[in-house]
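Undergrad:
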Amino acid sequence: MHTHLFRRWIALPLLAGVLIALLLTVTQTGALASPPNQAPIPVDNTPIFSVDDVEQAVVRIEVLGTFQASDTAETTHLKVGTGFFIDPSGLIVTNNHVVAGGRVILVYLHGEERPRYATVLSLSECSDLALLALAGGDYPYLGWFPGVPENGTTVYGFGFSSGELARTQGQTLEVEADFESNIASSMQTIVHTVVVSPGDSGGPLTNDQGQVVGVNYGGNYGKRTGSDSSVAISAKEVQETIAKLQHSTTSESLGISGEAWSDDDQQGIWVSSVQPGSPGDAAGLQPGDVLLSLGGDNVSDGRTMASYCSQLRGWDRAEPLPFEVLNRGVGQTGSNGTTREGQILPASAKGPLGQVSFSRQTFAGLNFLRPAAWADTEMNTDEEDGRLHWEAAPDLALFDDALGGASLIVEMFADEFPNVAISDILDKLDYADVCESRERFPHIHTIRSVTYEGFYDQWQGCSNGRADFYNLVLRSRPDGQIIFVAFLSLASEDDMAFNVLRHSFQPSEKVVPEEAVEIPQNVVASDKETEPTARVLIAALNVRSGPDTTYGPIGSLARNEEVIIDGRNEACTWLQVVLSAGGLGWISAGAAYVAFTTPCAEIPVRQAPPPPAPTPVP
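Here it is, written out as structure tokens:
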């Protein structure tokens, strides 16, 4: 992605001037309009049986993080690779070196323009395998070849090295155990003639029936085989490794992407990236470090990962693992640096699968919902005009370096522009030079006797088609405050999150004294508790206008759909929920219908609307 693509969202330093310059009448808004959400591709529950259909189960993976190769001082923030579904529930296999160190992982499905967020379940550095999960279900997937292919078998590789999915044909040269390389120590591999280039890593190697015989991870091994060749991890080892990754709370991983390294008289494992929350991250490893020893023994001869993997696989995780590392710092080269010692602690148990959840945020007497994953937040006041400014992202420093700004920016303006038209404010915020198109939608919602009315622009195809961008400007009535929102959408989940966000603005329940509204510059906002959610357990669940079947239905929810809980009735037999299309509704709280994340006693009681008038009996 382009560094500083939106130049700190372009609009923010100019918005106050835009408001002052526009002295027009307030425009009227119309009905709501929401961008559509994408749904999984409907398929049956059997694997693909044709090489011509394999592309349906292959995905493009884009990883946002901090990465440093061993041959450069420059850090990068984007990696591209390939993966594929291995069952209909959303499990994806790819290479460890593709995703390790990723703060945000985007997955593009076949036939979809907008990506989705994936969660890293487990990593194996030595087998160079990673297991990802995607929310939803009914995904097309590939089956495994039940055995070992013979030499000379025709095979096909799939990958995104050219930017588009391509299929390349070749044949197997040899099946070999204990293939050692500078990035993996795989127990069983397949050497073949399919060309594997950067971007193809993690893609499937299949036979004529579309069955997976291996996972590609490296190319250009001509010196070993005497001809141009590539290497895939065999299906047998992939399945054995996946079984361990799925059914163990630990994995063969420190949480790094590494390679064998040597310089002058030193050898070790170059750390090109570190997975957030991993044992390596907890031990303070960072991109550009060199791991010199584990358990008191050297980890590399400078050519292969064999010694490192032998020690890692032999660690029983009952005790901490001592290490020695050369800390050189991000962006440094050569053997300069300081050596330090430490201990690798066993990884904790796996957390739940990543789901779209929200946290309630308070800002200048205003409440709204932000994605819970955007927990790195900052609030300050502008030194020049005193306007209040708040921003959030999964990692503000990373997003500033990689994207030029946070995921979400909110600014608050006092009632100084009573005659400014919201549509004219948006007209002045032009992103046509970095985005393909713009659509404008009206917005209005009323909550706690305050109406928020305005428009938002959806800029599409930004950053070479990788992102969408939303500008939302609202005016509150009766106090006349102007709220400006800049929202970067990287995936389809973000589009849904924006719809939740824009309908969630409301006055804070706690009245904030006027003198307390001024927020000192660079004060970090405290992280709020995750908003309670309810998940539907049945095929369809009615949403009603009140907490009883006497209230008429106003919509419905599908199985596995999640909604934010805003309140409950006194008996906790009904839940008041936030609807993605805007407004509130009520659903049954019965255990047979929904499962929710927060004990009922901790959910606030909400007043039911007046009961509907009885229908006259003819």
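Note that the numbering used here has the sequence shown beginning at 425, numbered continuously upward. Don't be surprised by glycine CBs; every beta carbon is placed ideally from N, CA and C.
(1) Have a look at D562, P539, S653 and flag the residue whose alpha-carbon is nearest the alpha-carbon of G581.
(2) So, is I666 buried or exposed, given that buried needs 16 or more other C-beta atoms within 10 angstroms?
(3) How big is the Cα-Cα spacing for A921 and L896?
(4) Is A659 helix, strand or coil by DSSP?
(5) Alpha carbon to alpha carbon, how far is Q635 from L1063? Give it in angstroms, no decimals.
(6) Between A742, E748, A891, G789, which lies nearest to P770 when the distance is taken from Cα to Cα?
(7) Inspect the beta-carbon positions of G738 and D705 and report whether they are closer than 8 angstroms.
(8) Do you know offhand how far V698's Cα is from P977's?
(9) CB-CB under 7 angstroms to S625, same chain, minus the five flanking residues each way: which ones, in chain order?
(10) Can you tell me whether D951 is buried or exposed, with buried defined as 16 or more other CB within 10 angstroms of its CB?
(11) Give every residue of the same chain whose Cβ lies closer than 6 angstroms to the Cβ of Q930, excluding the five residues on either side of it in the sequence, and list them in chain order.
(12) Report, in whole angstroms, the separation of the C-beta atoms of L793 and V924, which I expect to be a contact under 8 angstroms.
(13) Answer yes if the segment 584 to 591 comes into contact with the segment 549 to 562, meaning at least three C-beta pairs across the two stretches below 8 angstroms, and no otherwise.
(14) Measuring CB atoms only, is the segment 1029 to 1036 touching the segment 991 to 1011, in the sense that at least three cross pairs come out at less than 8 angstroms?
(15) How far does the alpha helix (DSSP H) with M611 in it extend, from its first residue to its last?
(16) Exposed or buried, what is R926 when buried is set at 16 or more other beta-carbons lying within 10 Å of its beta-carbon?
(17) Only counting the same chain, and skipping five residues up and downstream in sequence, which positions put a Cβ closer than 6 angstroms to that of L1003?
(18) Between which two residues does the alpha helix (DSSP H) containing P628 stretch?
(19) Who are the near neighbours of D881 in its chain, counting only those whose CB is closer than 6 angstroms to its CB and skipping five residues on each side?
(20) So, is P1035 buried or exposed, given that buried needs 16 or more other C-beta atoms within 10 angstroms?
(21) Tell me which residues share the same chain as C996 and place their Cβ nearer than 7 angstroms to its Cβ, disregarding the 5 neighbours each side in the sequence.
(22) I'd like to confirm the pairing. Which residues does DSSP put opposite Y876 in its beta bridges?
(23) I'd like the span of the alpha helix (DSSP H) that includes Q735, first residue to last.
(24) Rounded to whole angstroms, what's the CA-CA distance from S1046 to D800? Just pull it up for me.
(25) Residues in its own chain within less than 8 angstroms of T578 by CB, not counting five upstream and five downstream?
(26) Tell me whether H867 is buried or exposed, calling it buried when 16 or more other Cβ atoms sit within 10 Å of its Cβ.
(27) Tell me whether the beta-carbon of V478 lies closer than 8 angstroms to the beta-carbon of L533.
(28) So F509 is in the beta strand (DSSP E); what residue range does that whole segment cover?
(29) Sort P539, L853, D903 by Cα distance to V874 and report the nearest one.
(30) Starting from the Cα of G560, find the closest Cα among G489, V1018, V695, R983 and give me that residue.
(31) Does the distance from the C-beta atom of A542 to that of I516 stay below 8 angstroms?
(32) For R727, does the count of other Cβ atoms within 10 angstroms reach 16, so buried, or fall short, so exposed?
(33) For a quick check, are the C-beta atoms of P744 and E765 less than 8 angstroms apart?
(34) Going by beta carbon distance, what residues of the same chain come within less than 6 angstroms of P1033, once the five residues before and after it are set aside?
(35) If we call anything under 8 angstroms between Cβ atoms a contact, is C859 one with G829?
(36) With the cut-off set at 8 angstroms, would you say V723 and I693 are in Cβ contact?
TA: This is what the structure holds:
(1) Closest option to G581, Cα to Cα, is S653.
(2) buried
(3) 14 angstroms
(4) helix
(5) No answer is possible for residue 1063: the residues shown for the chain start at 425 and end at 1042.
(6) Among A742, E748, A891, G789, the Cα nearest to that of P770 is on A742.
(7) no
(8) 49 angstroms
(9) G505, T506, N519, H521, V522, N640, Y641
(10) Per-residue confidence for D951 stands at a pLDDT of 35, beneath the threshold of 50, marking its modelled position as unreliable; the derived number appears in the next sentence. So D951 ends up on the exposed side.
(11) N791, I871, R872
(12) 6 angstroms
(13) no
(14) At 8 angstroms Cβ cutoff, the stretches touch.
(15) Segment 609 to 616 is the beta strand (DSSP E) holding M611; no alpha helix (DSSP H) there.
(16) buried
(17) G1009
(18) Where P628 is concerned, there is no enclosing alpha helix (DSSP H), although the beta strand (DSSP E) it sits in stretches over 628 to 630.
(19) The residues L850, R862, R864, N895, in chain order, have a CB closer than 6 angstroms to that of D881 in the same chain once the five nearest residues on each side in sequence are set aside.
(20) exposed
(21) A1013, C1024
(22) H869, S900
(23) 730 to 738
(24) With the chain covering only 425 through 1042, there is no way to say anything about residue 1046.
(25) Q593, G594, Q595, N631, D632
(26) buried
(27) no
(28) 499 to 509
(29) D903
(30) It is R983 whose Cα lies nearest to the Cα of G560.
(31) yes
(32) exposed
(33) no
(34) G970
(35) Their beta carbons are not under 8 angstroms apart, which means C859 does not touch G829 by this criterion.
(36) yes
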